[in-house]
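Protein chains in written order, with our numbering: chain A, 1139 to 1486; chain B, 251 to 572. Each remark here refers to the structure printed beneath this line.
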C-alpha cells in the first residue's frame, strides 16, 4: 500500500508564476536542460574519438529531475549530486568546458585529472564532489545540514541517490539521523528503474521508495521525473519547508535510464518496449511543448536558445581540448591539507 | 601544572578547545547525558548544550559521514567511536571520502575521530583492537597514539587544529592507570614528532601507546643496560628522523607494538631502518608484537596475546648479546 503522496503534474502558467518563476526563468530551465544533454552527447563523441580514458557515464532521461531540483535551490544551499545529475552542475553554473576537461583528464577539470567522469564539484558553487560508493554522500549532505542547524543558518542541503543506492545502510542511517534531528535536508531519489542491470523488483519490496519517509518521521513524495516543473514545485516546497525548520522530505523522481549504466553497457536487459514508452516522455520534448503552449515560445525564441547552446558547447569543447594534461610531478601534492586550505568560503 | 589522569587530560584539552572555538563540537553514541562510555565528555552537554554535544543514534556511518559533511561546511567535529573496533562501520566515510577529498577536489576535511583502543582487560575480539596500521596505510589520514597525559592533552589540541582527518587512538588501559603532571595552560604538541621517553646508549626500543610503559618496565629489569625508549606519539606522520638518529646511536633496535605482527606498523619502521641505516646496525631489527590472531577474551589467553614485560626483557637481552 502506497503511503507517499503522488504529486500532480505541472500546471498552467498561472500556477508556475505562483511558485516564483517568470518567463526568463522558464526559458533558462530549458536552456539548462539542453546544455545538460548537449554536454553528454558531445561526451559520447569524445569517448568514441578515444579522448576519454576509462568509461563514460550519462544521465539521459534525468535532465528534468536534475535541473528542476537545482533550480529550486538557493545560492547558499549545498548539494551532493551524482553521476546522473549533470543538470545540477550546469544549473549551479559549472562551465561546460571544465566538465569536458574533467572527462578527458585534463588540468582544467575540477579535479585536475585526479578523478574522472562526474566525480567532481565546484565547492564555491555549493557542490560537494561525489565518490563511487553510492549513496555514501547522503550522510555527508546530512552532516552539512547539521552544520547549518548548529549555526542556525537558514540553509538547506540536498542529497541525491538512486533507487539502487537507497538499498544501502548509509541511506538508512543518514535519513534516520536527519529525521531524529529534523535537519534542513532534502533527499532526492532518482528512480531510473535500473541499478546497472538490476530492476527495481530485485532492489526493494515497497511500492514507492518515498513510502519509507514515513518510517523516518518525515514526508515522502513521488513525482514524475520527466516533468521539470512538477519536480521544481515539489523540490521548492520541500527545500523551503526544510529552511523553515520543518525537517527533511524524501522526493522520489521517477524516470528511466535511457542509456546503459555506462558507455560499455548496451542495456540489452531493458525491454525495448520500456525504452519506447519512456521515449514518448522525453523530458526536453515534453517541456518544449509546455513552453510553446504556455509561454508562447516562438520558433525564433527556440532558435536563439539552440544556437546559443550549440555555440557554447563548441567553444567549450575547443577550450577543453586546449587544456594541458596534468603534470605527473604534482602527483604528491595535496595528500594532506595545510592551514591555508581552510581559507575557503565554507571554512570561514 | 596539576596531576591529571590520561583520561582527564584528553577531557581538559577537548573542553578548552570547545570553549575557545565555537566550531568545535562533539558527536558520538552516549557522549551527552551519559558523558561517554568512558566519561571523557562528562559534563560537556551541561556546559555546551545538546547541539554541540550530540547524542547520536547507533549509526557509526551517520557519525562519520555527518562529521565529514559538517567539516566540509566549516565546522570542527570531534567524533567518537565508542570503541576503536567500531570504526569498521565508519570505514567508507573515513577512507573513501574524508581521506581523499583534499587530494581529489581540494576540499579539506578537518575532523578528529576519537578511538578508544587497546586491550588488557578482557574486552575480547571487538573491544580491544589497535587498528592504527590499517589507517596509517591510507594516504590522507593522520594517526595519533599518545602515551602520556601531557601528550594526550597537547595532541588532542593539535588534532583539532589540524586541517586533516586525524584519528586519535586513546589507549583505554591508560585512561585511569596513568597519571602525570599536565600544564594548565593551552599548548600544542606537534603531530609527527617523537618523544624520547628514556635516553640510552646500548639498544633502542621504538614503540607507542601503552607499550611505552611495557618497555619502561622491561628496561627497569635490566638496570645494567642503557636502553633508549622512543615514544613515536604518532604513526602517521611518523618521526623517521628521530628513529634513524636513535638507531644510528645505539645500533640495535627493537620495535614493539600491541597490534598484530603481520602488516603492523613495526614492519614499516623496520624496513625503513634497513633501507636507511643498514650500515649503522650491529644486529637485525627485532620486532615484538601481538601474534596474528584476533584479540582473545580469557585473561590467560589475552596475556599470551599482548606483548608482556618478560617478552620485551627477553628480546632486549638477545639484542644486547648479539
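Backbone N, C-alpha and C define an ideal beta-carbon position, used for all residues, glycine too. Because the structure is a prediction, the values reported are computed rather than measured.
- Residue 555 (chain B) sits in a helix when the DSSP states are folded into three classes.
- The criterion of a C-beta distance shorter than 8 Å is not satisfied by residue 1208 (chain A) and residue 319 (chain B).
- Listed along chain A are 1277, 1280, 1308, 1311, 1312, 1314, 1315, each with a C-beta nearer than 8 Å to that of residue 312 (chain B).
- Using a CB distance cut-off of 8 Å, residue 1261 (chain A) counts as an interface residue toward chain B.
- For residue 329 (chain B), the uninterrupted beta strand (DSSP E) run begins and ends at 326-330, by DSSP.
- Under a 10 Å Cβ-count criterion, residue 1286 (chain A) is classified as buried, with 16 or more other Cβ atoms of the shown protein chains found around its own Cβ.
- Runs of beta strand (DSSP E) with 3 or more residues, each lying fully within the segment 403-478 of chain B, are found at 416-421, 429-432, 445-448, 453-457, listed in chain order.
- The bridge partners DSSP lists for residue 275 (chain B) are B:327.
- The criterion of a C-beta distance shorter than 8 Å is satisfied by residue 1272 (chain A) and residue 1302 (chain A).
- Residue environment: residue 471 (chain B) is assigned as exposed (fewer than 16 neighbouring CB atoms within 10 Å of its CB, all protein chains considered).
- Here the alpha carbons of residue 1219 (chain A) and residue 1193 (chain A) stand approximately 19 Å from one another.
- Taking 4 residues as the minimum length, the alpha helix (DSSP H) runs contained wholly in the segment 1425-1480 of chain A are 1437-1460, in order along the chain.
- Straight-line measurement puts the Cα of residue 1173 (chain A) at about 13 Å from the Cα of residue 1200 (chain A).
- Per the DSSP secondary-structure output, residue 1359 (chain A) pairs in a beta bridge with A:1143, A:1389.
- A Cβ-Cβ distance of about 27 Å is found for the pair residue 378 (chain B) and residue 390 (chain B), leaving them out of contact under the 8 Å criterion.
- Annotated three-state conformation of residue 1329 (chain A) is strand, per DSSP.
- At a Cβ-Cβ threshold of 8 Å, residue 277 (chain B) and residue 358 (chain B) do not count as neighbours.
- Looking at the backbone, the Cα of residue 380 (chain B) and that of residue 1247 (chain A) are separated by about 40 Å.
- According to the DSSP assignment, residue 268 (chain B) belongs to the alpha helix (DSSP H) that extends over 256-270.
- Judged by DSSP in its simplified three-state form, residue 399 (chain B) adopts helix.
- Between residue 1315 (chain A) and residue 312 (chain B), the beta carbon gap of about 4 Å places them in contact (Cβ cut-off 8 Å).
- Listed along chain B is no residue with a C-beta nearer than 8 Å to that of residue 1435 (chain A); the closest approach is about 38 Å.
- Not one beta carbon of chain B lies nearer than 8 Å to the beta carbon of residue 1213 (chain A).
- Bridge pairing for residue 510 (chain B): B:540 [DSSP].
- Residue burial annotation: residue 1448 (chain A) is exposed, with fewer than 16 other C-beta atoms found within 10 angstroms of its C-beta.
- Close partners of residue 532 (chain B) in chain A (Cβ separation under 7 Å) are lacking, with about 35 Å as the shortest Cβ gap.
- Using a C-beta cut-off of 8 Å, the segment 443-458 of chain B makes contact with the segment 553-569 of chain B, since at least three inter-stretch Cβ pairs fall below that distance.
- Apart from the 5 residues on each side of it in sequence, residue 1175 (chain A) sits with its Cβ closer than 8 Å to the Cβ of 1198, 1201, 1422 in its chain, given in chain order.
- Around the CB of residue 1148 (chain A), 16 or more other CB atoms lie within 10 Å, so the residue is classed as buried.
- Inter-residue distance for residue 1215 (chain A) and residue 1294 (chain A) is about 5 Å (C-alpha atoms, whole angstroms).
- A Cβ-Cβ distance of about 14 Å is found for the pair residue 363 (chain B) and residue 325 (chain B), leaving them out of contact under the 8 Å criterion.
- Within the model, the alpha-carbon separation for residue 1428 (chain A) versus residue 1166 (chain A) is close to 14 Å.
- With respect to the 8 Å criterion, residue 484 (chain B) and residue 442 (chain B) are classified as neighbours on the basis of their beta carbons.
- Contact check for residue 413 (chain B) against residue 1267 (chain A) fails: the beta carbons are separated by 8 Å or more.
- Under the 8 Å Cβ criterion, the segment 1223-1241 of chain A does not count as touching the segment 1437-1445 of chain A, having fewer than three qualifying pairs.
- Close to residue 1269 (chain A), with beta-carbon spacing below 7 Å, are these residues of chain B in chain order: 346, 347.
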